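Worksheet for the structure shown next.
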Amino acid sequence: MNKPAVATDFGKWKLMAWSGPIFFTLFFVMWGLLADNFPPMSPNLSAEAMKAHYLDKGLAITIGMSVCMVGGAFYMTWGCAVSRLMRRIEGPEGMFSNLEMMGATITFTPIVVACGIWLVAAMQAAVLSAEIIQSMYLLGWMIIDIAYMVTSFQIMGASIVFLSDTREKKLIPAWVSWWGWVTIASFFPVSLIPFFKTGPFAFNGLFNFWVAFPTWYVWIVSMSIYVIKAINRVEIEDGAVAPQPSRDPAGMMAAAR
């Protein structure tokens, strides 16, 4: 006996897909602009200068980091939508779909921990020593940067699956998946930030901030846009192949008389 087909709840799927735009908007505005991380302070800055920064912008950093600690979770829900779309290509037991969802979920951890550290530094700037504030600031950057491999696995899983899509028109354009590989490559120099306080390999430098962060950001934005479009397309595809309601043969015979 065949089991009845279970209809896909595209409403919930779309809701999670829109978590991507919510995340990248909040992160850009609250973490980048309000909390003044475009660009971040130099790791070579003196402890006294870092404390002065937190005293001067304490309220803005407090608001920005508080919102980021809450809004960062939208990255996790967005990852669920991406994973669900990947299963349309890879199948329900796909390992790469699981890898993408786990990567998106765990990526939230360094974000929330780093933002929590910077939040406390802003709240306690008046009573903490300059050296402690400096250490907290550097600690936050080590956590949010060097944990990049988790996000790399997320992007890797998505790129592999979407490139393997055999549709004539892929659900996600190939260039988005190839950009994912560029993003992964841009992360690797981040491993050098503990060894450089100035230059392109410092966490505020050319490679490890002005290349790595915008590259990741472009991937999130483009993937979000095309995932939302792909869900609409899958919904249309499902409607086109939906089984027609069966007719009662006896009723058909009666109607023919």
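Read in this note's numbering, the sequence shown has 243 at position 243, and its numbers run on one by one without any break.
Even glycine gets a Cβ: it sits at the ideal position worked out from N, Cα and C.
Computed from a predicted structure; not experimentally measured.
Local Cβ density within 10 Å of residue i, reported as buried at 16 or more and exposed below that
| i | result |
| --- | --- |
| Trp178 | exposed |
| Thr77 | buried |
| Asp145 | buried |
| Ala81 | buried |
| Ser129 | exposed |
| Ser83 | buried |
| Trp219 | buried |
| Thr151 | buried |
Residues near residue i in its chain [Cβ-Cβ closer than 7 Å; skip 5 each side]
| i | result |
| --- | --- |
| Pro21 | Ser224 |
| Asn37 | Trp31 |
Residue from the options with nearest C-alpha to residue i
| i | options | result |
| --- | --- | --- |
| Gly140 | Pro194, Leu33, Ala17 | Pro194 |
| Trp18 | Val176, Lys229, Ile184 | Lys229 |
| Met50 | Gly239, Glu131, Trp175 | Glu131 |
Contacting residues, own chain, Cβ-Cβ under 6 Å from residue i (five flanking each side not counted)
| i | result |
| --- | --- |
| Met142 | none |
| Gly94 | Arg87 |
| Lys14 | Ile231 |
| Ala147 | Pro110 |
For the 8 Å Cβ check, are there 3 or more pairs between the segment 84 to 95 and the segment 135 to 155?
no
Can you confirm whether the segment 157 to 171 touches the segment 189 to 203 when touching is taken to mean that 3 or more C-beta pairs between the two stretches lie within less than 8 Å?
no
Does the segment 145 to 156 come within contact of the segment 97 to 107, defined as at least 3 CB pairs closer than 8 Å?
yes
Does the segment 203 to 215 come within contact of the segment 40 to 50, defined as at least 3 CB pairs closer than 8 Å?
yes
Just checking, does the segment 108 to 120 make contact with the segment 159 to 166 on the three C-beta pairs under 8 Å criterion?
no
State whether the segment 120 to 127 contacts the segment 52 to 66, with contact taken as three or more CB pairs (one from each stretch) at a distance under 8 Å.
yes
Are at least three pairs of beta-carbons, each pair with one atom in the segment 210 to 227 and one in the segment 59 to 69, less than 8 Å apart?
no
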